[in-house]
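Those protein sequences? They're chains S, B and F, same order as listed.
Be aware that the first sequence starts at 1, since it is given in this note's numbering, and climbs by one per residue.
Be aware that the second sequence starts at 1, since it is given in this note's numbering, and climbs by one per residue.
Be aware that the third sequence starts at 1, since it is given in this note's numbering, and climbs by one per residue.
Report on the structure given below.
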Amino acid sequence: MTAVKIKNVNKIYERGNVHAVQNLNLDIKDGEFVALLGPSGCGKTSTLRMIVGLETISSGIIQFDDVIVNDLTPEQRNVAMAFESYALYPNLSIAENLAFPLEVRGIPLEERTMEVNRIAEMLQISELLNQRPGQLSGGQQQRVSLGRALIREPAVFILDEVLSHLDAHLKFQMLFELKKIHNSLGKTMVYVTHDQMEALALADRVAVMANAKLQQFANRNELYHRPVNRFVADFIGEPSTNFLKARVCTIEQKIVLEVNENLNFYPDLRRQELINEKGLEEVIIGVRPQYLTLQDGTGKESLTAEVLINEYLGERNILEVKNGSDRFRAVVPPECRAIQGDMVKLFYEPNHVLAFDPQTEVCLL
Amino acid sequence: MDSATNRLIRYLFLSFLAIWLVFTIFPLYFQFITSLKPVAEINSMVPTFWPETMRPENYSGIFADPGSLKSLIDSLIVSIANTLLSLFLGTLAGYALARFIRGFAGENIAMWILSNRMFPPVAVIIPMFFLFDATPWGTDSYFSLITLYLVFNLPLATWLMMVFFRDAPRELEEAAYLDGFTPLQTFFKVTLPLVFPGMVSVAMLCWIFAWNEYLFANLMTGTTVKTFPVHIPSFTSGSQTLWNLVMAFSMVAMLPPVLLFIFLRRYMVRGLSLGVVKG
Amino acid sequence: MAELELQSICKAFQHPVLDRLSLKVPQGEFFVIVGPSGIGKTTLLRCIAGLENLDGGKILFDGQDVTNVPPYQRGAAMTFESYALYPHKTVFENIASPLVAAKTEVTEIRRRVQDVTKLLQIPHLLERKPHEISGGQKQRTALGRTLVAKPKVYLLDEPISHLDAKIRAELRIQFHTLKELREVATVYVTHDYAEALSLGDRIGVMGDGGLVQIGTGREVFDQPNSLFVAQHLGQPTINVLDGQLQKDNEDLVFKSDEMQLPVSRELANKLKNDSGREVKIGLRPQFIHCLSEWENDKDLPVFSFQAEVELNEALGSYGVLLVKAMGKSLTVITSPEIHYSPGQKVELSIETNRSLYFDAQNGMNLGTDLTRMEADG
Chain S
1 MTAVKIKNVN
11 KIYERGNVHA
21 VQNLNLDIKD
31 GEFVALLGPS
41 GCGKTSTLRM
51 IVGLETISSG
61 IIQFDDVIVN
71 DLTPEQRNVA
81 MAFESYALYP
91 NLSIAENLAF
101 PLEVRGIPLE
111 ERTMEVNRIA
121 EMLQISELLN
131 QRPGQLSGGQ
141 QQRVSLGRAL
151 IREPAVFILD
161 EVLSHLDAHL
171 KFQMLFELKK
181 IHNSLGKTMV
191 YVTHDQMEAL
201 ALADRVAVMA
211 NAKLQQFANR
221 NELYHRPVNR
231 FVADFIGEPS
241 TNFLKARVCT
251 IEQKIVLEVN
261 ENLNFYPDLR
271 RQELINEKGL
281 EEVIIGVRPQ
291 YLTLQDGTGK
301 ESLTAEVLIN
311 EYLGERNILE
321 VKNGSDRFRA
331 VVPPECRAIQ
341 GDMVKLFYEP
351 NHVLAFDPQT
361 EVCLL
Chain B
1 MDSATNRLIR
11 YLFLSFLAIW
21 LVFTIFPLYF
31 QFITSLKPVA
41 EINSMVPTFW
51 PETMRPENYS
61 GIFADPGSLK
71 SLIDSLIVSI
81 ANTLLSLFLG
91 TLAGYALARF
101 IRGFAGENIA
111 MWILSNRMFP
121 PVAVIIPMFF
131 LFDATPWGTD
141 SYFSLITLYL
151 VFNLPLATWL
161 MMVFFRDAPR
171 ELEEAAYLDG
181 FTPLQTFFKV
191 TLPLVFPGMV
201 SVAMLCWIFA
211 WNEYLFANLM
221 TGTTVKTFPV
231 HIPSFTSGSQ
241 TLWNLVMAFS
251 MVAMLPPVLL
261 FIFLRRYMVR
271 GLSLGVVKG
Chain F
1 MAELELQSIC
11 KAFQHPVLDR
21 LSLKVPQGEF
31 FVIVGPSGIG
41 KTTLLRCIAG
51 LENLDGGKIL
61 FDGQDVTNVP
71 PYQRGAAMTF
81 ESYALYPHKT
91 VFENIASPLV
101 AAKTEVTEIR
111 RRVQDVTKLL
121 QIPHLLERKP
131 HEISGGQKQR
141 TALGRTLVAK
151 PKVYLLDEPI
161 SHLDAKIRAE
171 LRIQFHTLKE
181 LREVATVYVT
191 HDYAEALSLG
201 DRIGVMGDGG
211 LVQIGTGREV
221 FDQPNSLFVA
231 QHLGQPTINV
241 LDGQLQKDNE
251 DLVFKSDEMQ
261 LPVSRELANK
271 LKNDSGREVK
281 IGLRPQFIHC
291 LSEWENDKDL
301 PVFSFQAEVE
311 LNEALGSYGV
321 LLVKAMGKSL
331 TVITSPEIHY
341 SPGQKVELSI
351 ETNRSLYFDA
361 QNGMNLGTDL
371 TRMEADG
């Protein structure tokens, strides 16, 4: 049971003079499941390697509970890690693979066998124990790799893109299994991924990173409804948020965001105030495609748009629409049969209209 | 591990490297200084590590014998011809083995070809002599040396080229077929550029073998054709070996391979790691 | 004119991969083949391209038998899953390659490559080498190489599956808008059902040996002809329960332990003599609702019951609920905004008209030849 504190941590690679992680502060609670999320090159892998102890820390400190671990080896930190590539020993059986970390520590055979059986049962791989890694499917290998990390009873458990090359069905299944494992173990887990869906599904809190900096560290609802900046709003959610440039107008003392002469957005009171306070003449509007719906409701505003593409995806459709020269998307039910050229009326709730400062791209909250 | 132990290991490692460096460079160094000494200094009981009297004339001295220049030219002719032939035949054979003969059969044929390289050459030296003696060109000819060296270089060239061709993604060739290139065009436009660094390495290996070979050259040739390793023992005066001339000649003989290596190195280092398909 | 026809083609490696597969793709059709990995989708494309020899059957382009024509004379263009760009050539040279092979004039080559790169929004990359560009750009280059050739048939092998979700969505739109692809016959292979539904004029779901079902996106998703198709399309995967058809008074019901679902009238008519038959039922997660967040405003027939929450995950735009009820595990789609904690009791409703019935032995859909209720009721 360990809390991980990262304080003002920097990572500078002298070769090439790359500042890979800048002034990172993260407070991971005991037993929390945290995801490090970001596009490639955002610094998440460097961060992970510093937590594990595979990479030196250029400045700042990393604490496990009250112990500063900067100069400790991965072993001394008691961190376990599972890899994207499984990294199983092909010449050992599954049981031997699982027992390996214990064998290294000189734990007697009997105890090892007991532990292996316990872990195998938990991960439902008991019947595979005598096979070799080559005989297993991708999902099974990934489970073994998780098991090998779990068997050491680590203080902190680190998962590096462990699901990224499983196919969609299996990935979905493994998401639930991982979550169950975490629920039953209650261990501190750090999950690194570039896939926002995985991060949101698994983690209690997600640390979104970009350009070597932490952008936002929050739970799913915060990230979804109150993204701190345009990057987060864009990166979180699928299909990604619609961004439209708009002029700030005042009509009957209400602030209206004019995208073009036929398309206005009506933000809620709170945002009207914020735009007023900042004295902005232009903003960037952000609206999630999920919040542009075909269904009217109380307090909803509406707009019309011309359908460009109605993309049928089985459980839902994505409408690619335009109004004037502005293009955006809406998620609608699969029953929608609109075709190219049709006009549709889309409804939204004013509080789902996000506004960003066009200079700083910071969200007005 | 604390940092003090780390540093100690680092220093130990560095000193080991330093010793190894001296060990490998010293013979070259000694060859160089010997080539600049007079004979008397070489024969003195206490060896000197820098010439007390400089004799750069050693270098012009070796070419006083017209045979010296001729032997270098002979060596060049044999090495270049052999390298080009090995490369040409090895590339074609390697491609065929890599692409057209699959599975168990392919492995076996390739292994069998390579195994030619594994028996001791001395075992066939006498039969080879009689074999070449029976040809219209005789033993003492360019033809005999060039073809004889093929026996040793071609299996290696074939094997290595096969490995390089196997590493070159087949999908690129298939993409070229679909672009409309015939198999022959595809081979020259797509496949060869991919294995080019490998070809350079193979060429270097073949060249070095043919350039330095002594045993067969000494037995088979010596009059019409005389390569430089065979020429070296002729630097004697009476019963005395003129070590300074031997070393000076060796220095000169080292130049072609060294220059070639410097020139071709960047192609070799680039290797096959062009990040070929995915990324 | 360009039309592709496959006449019962066969191909086997150690075991049969394609077993008498027949297919006709008319000019202008975008045909998508979807199926699990390793089922032989790529082999099928390679056969059409001429990279594999057939063990039997015929391939026709425009009615002409090309079965024995080598790939470089066949006139099919193909993108590879790995892109297969020539690493030693620039983007320009890569795209120009088919034109060079056809000995096109230099000025003509330049013009056509420029047209294609403008269309694909990569004109600024022409001088770069493949290792200097991103995955999405590589994909566009590979696509450019196929488009520039003006082939008789386009073959696209998992062109976007290795890219990030965002670029995938972008490129899907690109495929929708490229008119070039609609001028000839196109066969597109993917393992991603959403991609298939989005792009395909028609879709072929591939199983062992061949195409299990061919139809429009809505047909294969709403009326799968077999359990295999139903399980392959949709995420989370469809819930499948084993049970039995039974008579309950005059009505036919599906019974599985304590669960009892009424069978829709059309299906009941068809199966009225099948009481006692073993069946599997397929329930899509989005047709099971949490009563607390769903209003049955269209008065759809439902079966309601109580369940216990096992796990709840909020994904981006929807939540997934794993529940246990009546001894069964079910997956349910919920709103991502509401959190359910493990152990909590919830009221669930199943839309009974949306359930799919399959034969327990051969997995065939028992209702496919019925006119099913239109999705929008």
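For each residue, glycine too, the CB sits at the ideal point set by N, CA and C.
* To do: Provide the residue span of the beta strand (DSSP E) that contains Leu-245/F, from first to last.
  => Here residue 245/F refers to the residue found at position 245 when the third sequence is read from its first residue. Unbroken beta strand (DSSP E) run through Leu-245/F: 239-248.
* Asked: Just curious, the alpha helix (DSSP H) that Lys-150/F is in, first and last residue?
  -> Translated into positions along the third sequence, residue 150/F becomes position 150. Following the DSSP letters along the chain, one finds Lys-150/F in no alpha helix (DSSP H), marked with neither H nor E.
* To do: Using a threshold of 8 Å, state whether the C-beta atoms of Met-206/F and Val-34/F are closer than that.
  => For the purposes of this step, residue 206/F is identified with residue 206 of the third sequence, where counting begins at 1. For the purposes of this step, residue 34/F is identified with residue 34 of the third sequence, where counting begins at 1. The answer is yes: Cβ separation under 8 Å.
* **Cut-off 7 Å between Cβ atoms - residues of its own chain near Lys-378/F, not counting five sequence neighbours on either side** => Here chain F covers residues 1 to 377 and nothing more, so residue 378/F does not appear.
* Asked: How many angstroms separate the CA atom of Thr-304/S from the CA atom of Val-332/S?
  -> For the purposes of this step, residue 304/S is taken as the residue at position 304 of the first sequence. For the purposes of this step, residue 332/S is taken as the residue at position 332 of the first sequence. Here the alpha carbons of Val-332/S and Thr-304/S stand approximately 14 Å from one another.
* Go ahead and label Tyr-312/S buried or exposed: buried means 16 or more other beta carbons lie within 10 angstroms of its beta carbon, across all protein chains shown. => Mapped onto the first sequence, residue 312/S falls at position 312. Classification of Tyr-312/S: buried, given that the 10 Å Cβ count is 16 or more.
* Same chain only: Cβ atoms within 7 Å of Lys-345/F, ignoring 5 sequence neighbours per side -> Position 345 of the third sequence, counting from 1, holds the residue named residue 345/F. Cβ within range, chain order: Gln-306, Glu-308.
* Which runs of the beta strand (DSSP E) spanning at least 3 residues fall entirely within the region 287-351 of chain F, listed in chain order? -> Along the length of the region 287-351 of chain F, whole beta strand (DSSP E) runs at least 3 residues long occupy 288-290, 302-314, 319-325, 328-334, 345-351, reported in chain order.
* Asked: Span of the alpha helix (DSSP H) holding Cys-47/F?
  -> As a first step, residue 47/F must be located in the third sequence, where it is residue number 47. That run of the alpha helix (DSSP H) goes 41-49.
* **Beta-ladder partner(s) of His-19/S, from DSSP** => Position 19 of the first sequence, counting from 1, holds the residue named residue 19/S. Answer is Ile-12/S.
* To do: Express the C-alpha separation of Asn-78/S and Leu-54/F in angstroms, rounding to a whole number.
  => Translated into positions along the third sequence, residue 54/F becomes position 54. Translated into positions along the first sequence, residue 78/S becomes position 78. Near 57 Å, if we compare the C-alpha coordinates of Asn-78/S and Leu-54/F.
* Asked: Helix or strand or just coil, what does DSSP make of Arg-372/F?
  -> The count along the third sequence starts at 1 and reaches residue 372/F at position 372. In this predicted model, Arg-372/F has a pLDDT of only 40, less than 50, meaning its place in the structure is not dependable enough to derive any value.
* **Range of the contiguous alpha helix (DSSP H) that encloses Pro-155/B** => Start at 1 with the first residue of the second sequence, and residue 155/B comes out as number 155. DSSP places Pro-155/B inside the alpha helix (DSSP H), whose first and last residues are 142-167.
* To do: Identify, in the order they occur along the chain, each residue of the same chain with its Cβ nearer than 8 Å to the Cβ of Val-253/F, setting aside the five sequence neighbours on each side.
  => The residue given as residue 253/F occupies position 253 in the third sequence. If we look at Val-253/F and ignore the five residues flanking it on each side, its Cβ neighbours are Leu-245, Gln-246, Lys-247, Gln-260, Leu-261, Pro-262, Val-263.
* Classification of Glu-105/F by the beta-carbon crowding that lies within 10 angstroms, buried from 16 upward -> Taking the first residue of the third sequence as 1, we reach residue 105/F at position 105. The C-beta of Glu-105/F has fewer than 16 other C-beta atoms within 10 Å across all chains shown, which makes the residue exposed.
* Assign Val-230/B to one of three DSSP states: helix, strand, or coil. => As a working note, residue 230/B is residue 230 in the second sequence. In the displayed model, Val-230/B falls within a helix according to three-state DSSP.
* Please name the residue in Phe-152/B, Ser-237/B, Pro-183/B whose C-alpha comes closest to that of Phe-100/B. => Locating residue 100/B in the second sequence gives position 100, counting from the first residue. Comparing alpha carbon positions, the residue from Phe-152/B, Ser-237/B, Pro-183/B closest to Phe-100/B is Pro-183/B.
* Determine the DSSP secondary structure at Ile-236/S, reduced to helix, strand or coil. => Residue mapping note: residue 236/S aligns to position 236 of the first sequence, counting from 1. Coil.
* Asked: Where do the ends of the alpha helix (DSSP H) carrying Ala-93/B lie?
  -> Within the second sequence, residue 93/B is the residue found at index 93, counting from 1. Going by DSSP, Ala-93/B is part of the alpha helix (DSSP H) stretching over 66-99.
* To do: Compare the beta carbon distance of Val-287/S and Val-353/S with 8 Å and say whether it is the shorter of the two.
  => As a first step, residue 287/S is located in the first sequence; it is residue number 287 there, counting from the start. As a first step, residue 353/S is located in the first sequence; it is residue number 353 there, counting from the start. It is a contact, given that the beta carbons lie within the stated cut-off.
* **Cβ-based neighbour list, Met-45/B, same chain, cut-off 7 Å, excluding 5 preceding and 5 following** => For this step, residue 45/B is matched to residue 45 along the second sequence. Shown here for Met-45/B: not one same chain residue has a beta carbon closer than 7 Å to its own, the five before and five after excluded.
* Considering only the beta carbon of each residue, do Glu-238/S and Cys-249/S sit closer than 8 Å? -> Taking the first sequence and counting its residues from 1, one reaches residue 238/S at position 238. Taking the first sequence and counting its residues from 1, one reaches residue 249/S at position 249. No, they are not a contact pair.
* Report back the beta-carbon spacing between Ser-145/S and Leu-102/S to the nearest angstrom; my notes put them in contact at under 8 Å. => Here residue 145/S refers to the residue found at position 145 of the first sequence. Here residue 102/S refers to the residue found at position 102 of the first sequence. Going by Cβ atoms, the distance from Ser-145/S to Leu-102/S rounds to 16 Å, so no, they are not a contact pair.
* To do: Kindly say whether Ser-292/F, judged by its beta-carbon, lies nearer than 8 Å to any beta-carbon of chain S.
  => Start at 1 with the first residue of the third sequence, and residue 292/F comes out as number 292. Chain S contact via Cβ: absent.
* **Touch test, the region 208-218 of chain S against the region 35-51 of chain S, Cβ-Cβ under 8 Å, three pairs minimum** => Yes, the region 208-218 of chain S touches the region 35-51 of chain S.
* Asked: What residue from Gly-297/S, Pro-267/S, Glu-222/S has the CA that sits closest to Pro-336/F's CA?
  -> Residue numbering aside, residue 336/F sits at position 336 when the third sequence is read from its first letter. Residue Glu-222/S holds the alpha-carbon nearest to the alpha-carbon of Pro-336/F among Gly-297/S, Pro-267/S, Glu-222/S.
* Considering only C-alpha positions, which residue in the set Gly-363/F, Gln-174/F, Ala-230/F is nearest to Arg-277/F? -> The count along the third sequence starts at 1 and reaches residue 277/F at position 277. When only C-alpha atoms are compared, the closest one is Gly-363/F.
* With Leu-233/F and Phe-221/F assumed to form a contact (beta carbons below 8 Å), what rounded beta-carbon distance in angstroms separates them? -> For the purposes of this step, residue 233/F is identified with residue 233 of the third sequence, where counting begins at 1. For the purposes of this step, residue 221/F is identified with residue 221 of the third sequence, where counting begins at 1. About 5 Å; that satisfies the 8 Å criterion.
* **Closer than 7 Å at the beta carbon, the chain F residues around Leu-172/B** => Looking up residue 172/B in the second sequence gives position 172. Simply Ala-84, Tyr-86.
* For Tyr-267/B versus Val-200/B, is the C-beta distance shorter than 8 Å? -> Counting from one through the second sequence, the residue named residue 267/B turns up at place 267. Counting from one through the second sequence, the residue named residue 200/B turns up at place 200. Cβ atoms of Tyr-267/B and Val-200/B: closer than 8 Å.
* Within chain B, the residues that Phe-13/F reaches when beta carbons sit closer than 7 Å -> The sequence position of residue 13/F within the third sequence is 13, counting from 1. Going along chain B, no residue has its Cβ under 7 Å from Phe-13/F, so there is no contact; the nearest lies around 12 Å.
* To do: Tell me, to the nearest whole angstrom, how far the beta carbon of Phe-31/F is from that of Ser-226/F; I am working on the premise that it is less than 8 Å.
  => Stepping through the third sequence from its first residue, residue 31/F is reached at position 31. Stepping through the third sequence from its first residue, residue 226/F is reached at position 226. At roughly 20 Å, the Cβ-Cβ gap does not stay under 8 Å, so Phe-31/F and Ser-226/F are not in contact.
* **Best match in Ala-95/S, Ser-59/S, Val-34/S, Asp-27/S for proximity to Asp-66/S [C-alpha to C-alpha]** => The count along the first sequence starts at 1 and reaches residue 66/S at position 66. Considering only alpha carbons, the answer is Asp-27/S.
* To do: Put Glu-301/S into one of helix, strand or coil per three-state DSSP.
  => What you label residue 301/S is simply residue 301 of the first sequence in a count that begins at 1. For Glu-301/S, the three-state secondary structure derived from DSSP is strand.
* Other residues of its chain near Glu-52/F: CB distance less than 7 Å, five sequence neighbours each side excluded -> Counted from its first residue, the third sequence places residue 52/F at position 52. These residues qualify, in order along the chain: Lys-11, Thr-43, Arg-46.
* To do: Just tell me which of Val-240/F, Lys-270/F, Ser-134/F has its CA closest to the CA of Leu-283/F.
  => Taking the first residue of the third sequence as position 1, residue 283/F is located at position 283. When only C-alpha atoms are compared, the closest one is Val-240/F.
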